[in-house]
Every structure is written in structure tokens, then in C-alpha cells.
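**Q** Chains as they are written, first to last, in our numbering: chain B, 23 to 247; chain U, 23 to 247. C-beta: ideal position from N, C-alpha, C; glycine also. Sending over a structure as C-alpha cells; questions will come in a sec.
Next comes the structure, spelled out in C-alpha cells:
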């Protein structure tokens with residue numbers, strides 16, 4: 023496991039600020055095939071199966087998830103650390119969207135309210151340090167609350183299977199000038215160790231499959247606080 | 023998930039009986055590279071890290087694991103459902119080796135004694151139905167006991183990522199006339215569901231890496247009863 027340098031988190035946020043327009047178009051125009059065929063529906067189903075009352079969309083991006091489940095009787099709050107994406111999410115008017123990065127959320131969890139029985143992080147846990155965030159979330163959830171984390175399935179990435187910083191060039195996105203994003207790769211074993219360190223209980227692993235290959239498109243960790 | 027036919031478990035045992043001589047040679051002559059470089063040491067380390075007093079080697083095969091840790095102050099009992107392999111394991115005289123298949127163990131768990139603070143299943147859970155076995159093991163372990171399961175890492179196998187019966191031809195073993203073995207493939211998610219159904223708690227996942235590729239050689243599930 024390689025420790026990233028100190029500017030890792032700020033470079034991560036900067037890349038999303040730079041890519042906000044391109045990313046918003048990619049999501050809203052359905053350009054990412056695996057999301058369209060598999061991972062959008064997988065996280066929606068995982069959320070609806072739990073029938074939450076009040077849910078926090080952690081790293082909500084341009085807000086597609088809240089929009090898509092706006093009429094399901096769930097009180098949503100979105101939190102997004104990238105101002106340009108938070109602004110996009112706010113346009114829909116479907117929920118309160120707060121511009122807060124994870125460092126701010128760790129410092130003052132109650133800035134996003136409380137009483138959540140569900141926290142969802144949909145491909146939004148790219149940071150190297152997540153333990154303080156998980157500990158902070160404890161302060162704003164109800165007893166029995168769930169955490170749903172959808173992430174890249176660690177086994178589907180090539181290269182050495184070792185936790186550490188990686189780079190995403192968005193080359194697969196085709197057109198547009200994307201800024202490279204640093205992100206932190208975690209093995210399955212390290213995901214579990216992280217949850218355990220935060221005293222979170224893994225209930226199940228969901229591995230939604232790509233219809234064309236029947237290989238995992240992502241990993242959804244269903245976790246109890 | 024496809025349900026195997028009723029003769030699956032008996033064909034599995036038959037294949038090991040037929041392959042017992044070839045398998046014993048393969049293990050004792052160190053012919054399986056991933057075991058030599060990685061998985062033998064990984065399970066040994068996981069066992070020693072727990073410092074057990076009395077351990078059950080579940081599906082002990084020709085007995086290499088017990089032999090290799092015979093001088094570590096652990097009281098070992100080996101259980102093996104394939105008579106020809108149990109006989110090989112008994113040759114070393116390092117532990118009590120019982121010829122019992124899992125069905126017999128489920129029916130009468132105390133036939134292998136009791137008071138185990140560790141149960142190890144090293145590449146030996148190939149059956150379709152494991153829940154009755156896990157429930158049976160509960161009756162012969164001490165409070166706080168651990169279960170260590172080393173298995174093929176589900177992500178490293180090609181083909182549709184779906185739990186179900188598969189066949190192993192042992193083609194990679196080179197010479198010798200091997201009998202094809204039926205075995206049951208489980209996804210990660212299904213391993214976790216199985217543990218949860220048996221009220222077993224997954225503590226950690228160890229993913230030992232092949233030194234030449236730095237990709238997982240196996241998966242070790244560290245579980246608490």
C-alpha cells in the first residue's frame with residue numbers, strides 16, 4: 023500500500039471541478055454504457071429494497087440519483103464537494119444540495135442535518151483516507167441505518183492488485199479534454215479492513231453483472247452502522 | 023445460480039478417490055506452483071496468527087497442512103471423506119485422521135471430537151451445499167473459535183460470474199490420467215450470503231498474491247463462529 027502525497031485529495035476535487043461540464047453531459051446523455059445497462063439500476067434497487075425515509079447522497083455529483091428517485095417518498099439531501107457539480111445538482115430542485123467536501127463534513131457532520139436512515143455513496147469514495155468520514159457519518163444517522171457503497175469492482179482492474187493511488191484519464195469517454203483524476207484503489211480485503219476499523223458491519227456484497235459479458239460491472243457493499 | 027443434480031457430491035468424492043495417487047504426488051513433489059509460492063504459506067500464516075490450541079483440518083486431503091504445522095504446539099484432528107487420501111494422511115502419524123465425509127460429519131459432528139478453537143478448510147469446500155456443514159461445525163467448536171477458508175479467488179476464474187457447478191479437468195497438471203472433478207463455484211457475494219445464513223461473522227478477507235503477476239492466488243475468509 024503506497025501512501026499518496028498530501029495534495030491527493032485537493033487534486034481529486036480539482037479534477038472534478040475541471041471535468042464538471044463534460045461529466046454532466048456524459049451522465050445526462052447516457053454515454054457510460056455500464057452505468058446505463060447495469061450500475062444505475064443496481065444502486066437504485068439496493069436503495070429501494072431498504073425503503074429509506076431520509077437518505078444522504080454522499081458525493082452526489084450532478085444529482086442523477088436523487089432525480090431518478092425523487093418520487094419514491096424519500097427525503098433526500100445531497101452533499102457534493104465540487105461546486106460546479108453541486109450547482110448542476112441544485113438545478114433540478116428535487117432536494118437540498120449542500121456544497122461540502124468530505125473534510126468539511128468530517129469537521130462538522132451536522133451541517134448536512136441528521137436523522138438519516140440511509141447514506142449512499144455511488145462511485146464517490148475515491149479518497150485515500152475514508153475512516154474519518156465514516157466515523158463522522160455515525161453522528162448523523164439513526165440506529166439501524168445503512169450505508170450503501172457502489173464502487174469499481176476491485177477485481178476488474180488490471181495491474182498489480184495492491185491498494186494505492188491510481189490515475190484515471192477518462193480515455194474511454196472519447197471526445198472532450200478531460201483532466202486526469204487521481205483516485206485511490208482499494209482491494210476487497212482493504213475495503214473490509216476499512217469498514218471494520220470504522221466499526222461498520224458488512225451485511226452483503228452485490229456484484230451486478232454486465233449483460234454482454236456476465237462479468238461484474240461494480241461492487242455494492244451493503245453496510246450497517 | 024444453477025442447482026447441481028443429486029449425484030454431484032458423490033461424483034466429487036469419487037473423482038478424488040480416483041485421483042488420490044496423482045494428487046498426493048502433485049502435492050508432495052511441489053508440482054502446483056501457486057501453492058508452493060503463495061497459498062501454502064498464506065494459510066499457514068493465517069493459522070499461526072491465531073495461535074490455536076486444537077484445530078480441525080476439514081478435508082485434510084493427503085495431510086500436508088497437518089504435517090507442516092505438526093511441531094507448532096497445535097493439537098490437530100484431520101477429517102477426510104476420501105478413503106485413499108485419509109490413508110495417505112494417516113501415514114505420517116502426526117495427528118488423528120478420521121475418514122468421514124461431510125454428510126457423516128453433519129449427521130454426527132461429535133465423531134471428530136470437540137473443543138476446537140480453529141477449523142481450517144484449505145481448498146476443501148467444493149460442495150454445492152455447505153450450510154448444514156457450517157451449522158454442524160458450531161456444535162464442536164469453543165466460544166470465540168475461528169474458521170479459516172482458503173478457496174479459489176472467485177474473480178480469477180474466467181467465464182460467467184455466476185455461482186453454479188463447474189468442472190475441473192486438471193489439464194494444467196500435465197502428465198497422468200486425471201478424472202474430471204465436479205465442483206461448485208461461488209461468487210464473493212454468495213460466499214458472504216452463505217456465511218450470513220450460517221450466522222458466521224466475516225472478520226477479514228486475505229488475498230495472497232502470486233509473486234510473478236501480483237494478482238490474487240486465492241482468497242482466505244477469516245470467519246468467527
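Out of curiosity, what's the CA-to-CA distance linking residue 198 of chain U and residue 60 of chain U?
**A** The residue you call residue 198 of chain U lines up with position 176 of the second chain. The residue you call residue 60 of chain U lines up with position 38 of the second chain. Each residue's alpha carbon lies about 24 Å from the other.
**Q** Quick one: what's got a C-beta closer than 7 Å to residue 145 of chain U's C-beta in the same chain, skipping five residues either side?
**A** Along the second chain, one-based indexing puts residue 145 of chain U at 123. Cβ neighbours of residue 145 of chain U beyond the five flanking positions: 172 and 173.
**Q** If you measure beta-carbon to beta-carbon, which residues of the stretch 183–212 of chain U are closer than 7 Å to chain B?
**A** For the stretch 183–212 of chain U, which is checked against every Cβ of chain B, the residues closer than 7 Å are 183, 184, 209, 210 and 211.
**Q** Return the residues of the stretch 225–237 of chain B that lie within a Cβ-Cβ distance of less than 9 Å from chain U, sorted by chain order.
**A** If the cut-off is 9 Å between Cβ atoms, the stretch 225–237 of chain B has 225, 226, 227, 228, 229, 231, 235, 236 and 237 near chain U.
**Q** Report back the beta-carbon spacing between residue 127 of chain B and residue 158 of chain B to the nearest angstrom; my notes put them in contact at under 8 Å.
**A** The count along the first chain starts at 1 and reaches residue 127 of chain B at position 105. The count along the first chain starts at 1 and reaches residue 158 of chain B at position 136. Their Cβ separation, rounded to whole angstroms, is 6 Å, which keeps residue 127 of chain B and residue 158 of chain B in contact under 8 Å.
**Q** Please give me, in chain order, every unbroken run of the alpha helix (DSSP H) with length at least 4 that falls completely inside the stretch 182–240 of chain B.
**A** Correct list: 210–219.
**Q** What are the boundary residues of the alpha helix (DSSP H) that includes residue 157 of chain U?
**A** Stepping through the second chain from its first residue, residue 157 of chain U is reached at position 135. Per DSSP, residue 157 of chain U belongs to the alpha helix (DSSP H) from 153–159.
**Q** Flag residue 168 of chain B as yes if its beta-carbon sits less than 8 Å from any beta-carbon of chain U, otherwise no.
**A** In the first chain, residue 168 of chain B corresponds to position 146, counting from 1. For residue 168 of chain B, the answer is no, since every Cβ of chain U falls outside 8 Å of its Cβ.
**Q** Tell me which same chain residues have a C-beta within less than 7 Å of the C-beta of residue 137 of chain U, skipping the five on either side of it?
**A** By one-based count along the second chain, residue 137 of chain U stands at place 115. Taken in chain order, the residues that qualify are 76 and 164.
**Q** Output the distance between the C-alpha atoms of residue 215 of chain U and residue 243 of chain U, rounded to the nearest integer angstrom.
**A** Translated into the one-based positions of the second chain, residue 215 of chain U becomes position 193. Translated into the one-based positions of the second chain, residue 243 of chain U becomes position 221. Cα to Cα, the separation comes out at about 13 Å.
**Q** Can you pull the chain U neighbours of residue 215 of chain B, defined as C-beta to C-beta under 8 Å?
**A** Start at 1 with the first residue of the first chain, and residue 215 of chain B comes out as number 193. Result: 226.
**Q** Is there a Cβ of chain U sitting closer than 8 Å to that of residue 112 of chain B, yes or no?
**A** Within the first chain, residue 112 of chain B is the residue found at index 90, counting from 1. Judged by the 8 Å Cβ criterion, residue 112 of chain B is not in contact with chain U.
**Q** Out of U:160, U:123 and U:162, state which residue places its alpha-carbon closest to the alpha-carbon of residue 148 of chain U.
**A** Working through the second chain from its first residue, we reach residue 148 of chain U at position 126. Cα-wise, what sits closest to residue 148 of chain U is U:123.
**Q** For a test of the three-state rule: what should DSSP assign to residue 109 of chain U, helix, strand or coil?
**A** Your numbering for residue 109 of chain U matches position 87 in the second chain. Three-state result, residue 109 of chain U: helix.
**Q** For residue 116 of chain B, which residues of its own chain have a beta-carbon under 6 Å away from its beta-carbon, when the five flanking residues on both sides are left out?
**A** The sequence position of residue 116 of chain B within the first chain is 94, counting from 1. Excluding positions up to five away in sequence, the list reads 88, 89 and 92.
**Q** In terms of residues, what are the limits of the beta strand (DSSP E) holding residue 80 of chain U?
**A** Position 58 of the second chain, counting from 1, holds the residue named residue 80 of chain U. 76–80 is the span of the beta strand (DSSP E), which, as asked, contains residue 80 of chain U.
**Q** What does the alpha-carbon distance come out to for the pair residue 227 of chain B and residue 111 of chain B?
**A** In the first chain, counting from the first residue as 1, residue 227 of chain B sits at position 205. In the first chain, counting from the first residue as 1, residue 111 of chain B sits at position 89. Taking the straight line from one Cα to the other gives about 28 Å.
**Q** Based on the DSSP output, what are the partners of residue 173 of chain B in its beta bridges?
**A** Translated into positions along the first chain, residue 173 of chain B becomes position 151. For residue 173 of chain B, which the question treats as bridged, DSSP gives the partners B:241.
**Q** Does the Cβ of residue 229 of chain B have 16 or more other Cβ atoms within 10 Å, making it buried, or fewer, making it exposed?
**A** Within the first chain, numbered from 1, the residue matching residue 229 of chain B stands at position 207. By the 10 Å Cβ count, residue 229 of chain B comes out buried.
**Q** Where does residue 142 of chain B fall in DSSP's three states?
**A** Position 120 of the first chain, counted from the start, is the residue given in the question as residue 142 of chain B. Note: residue 142 of chain B maps to strand in three-state DSSP.
**Q** Quick one: which chain U residues come within Cβ less than 7 Å of residue 177 of chain B?
**A** Position 155 of the first chain holds residue 177 of chain B. The contacting residues are 177.
**Q** In angstroms with no decimal places, state the Cα-to-Cα distance between residue 130 of chain U and residue 135 of chain B.
**A** Numbered from 1 along the second chain, position 108 holds the residue referred to as residue 130 of chain U. Numbered from 1 along the first chain, position 113 holds the residue referred to as residue 135 of chain B. Between residue 130 of chain U and residue 135 of chain B, the C-alpha separation is close to 55 Å.
**Q** Closer than 8 Å by beta-carbon distance: list the chain U residues that pair up with residue 218 of chain B, in chain order.
**A** As a first step, residue 218 of chain B is located in the first chain; it is residue number 196 there, counting from the start. Correct list: 225 and 226.
**Q** Just tell me which of U:96, U:79, U:94 and U:113 has its CA closest to the CA of residue 102 of chain U.
**A** As a working mapping, residue 102 of chain U is identified with position 80 in the second chain. Measuring from the Cα of residue 102 of chain U, the nearest candidate turns out to be U:79.
**Q** Have a look at U:109, U:208, U:152 and U:232 and flag the residue whose alpha-carbon is nearest the alpha-carbon of residue 186 of chain U.
**A** In the second chain, counting from the first residue as 1, residue 186 of chain U sits at position 164. With distances taken between Cα atoms, residue 186 of chain U lies closest to U:208.
**Q** Opposite residue 121 of chain B in the DSSP bridges: which residues?
**A** On the first chain, residue 121 of chain B is found 99 positions in, with the first residue counted as 1. Partner(s): B:102.
**Q** Drop a sphere of 10 angstroms on the beta-carbon of residue 132 of chain B, count the other beta-carbons inside from all chains shown, and report buried for 16 or more, exposed for fewer.
**A** As a first step, residue 132 of chain B must be located in the first chain, where it is residue number 110. Burial call: exposed.
**Q** Could you check where the alpha helix (DSSP H) with residue 96 of chain B kicks off and where it finishes?
**A** Residue 96 of chain B sits at position 74 when you count from the first residue of the first chain. Residue 96 of chain B -> no alpha helix (DSSP H), and no H or E assigned at all.
**Q** Would the beta-carbon of residue 141 of chain B fall within 8 Å of that of residue 69 of chain B?
**A** Here residue 141 of chain B refers to the residue found at position 119 of the first chain. Here residue 69 of chain B refers to the residue found at position 47 of the first chain. Contact: no.
**Q** Once DSSP output is grouped into helix, strand and coil, what is the label at residue 167 of chain U?
**A** Mapped onto the second chain, residue 167 of chain U falls at position 145. Strand at residue 167 of chain U.
**Q** What's the call for residue 46 of chain U, buried or exposed, on a 16-neighbour Cβ count within 10 Å?
**A** In the second chain, residue 46 of chain U corresponds to position 24, counting from 1. Buried is the call here.
**Q** Could you pull the start and end residues of the alpha helix (DSSP H) that residue 33 of chain U belongs to?
**A** Here residue 33 of chain U refers to the residue found at position 11 when the second chain is read from its first residue. That run of the alpha helix (DSSP H) goes 30–50.
**Q** Between residue 232 of chain U and the rest of its own chain, which residues show a CB-CB distance below 7 Å, the 5 nearest in sequence each way excluded?
**A** As a first step, residue 232 of chain U must be located in the second chain, where it is residue number 210. Excluding residues within five positions, the ones whose Cβ falls inside 7 Å are 56, 59, 60 and 239.
**Q** Grab me the residues of residue 41 of chain U's own chain with a C-beta within less than 6 Å of its C-beta, minus the 5 sequence neighbours each way, in chain order.
**A** Mapped onto the second chain, residue 41 of chain U falls at position 19. So the list reads 200 and 201, once near-sequence residues are dropped.
**Q** By Cβ distance, which residues of its chain are closer than 8 Å to residue 256 of chain U, with the 5 residues on each side in sequence left out?
**A** Nothing about residue 256 of chain U can be read from this structure; chain U reaches only from 23 to 247.
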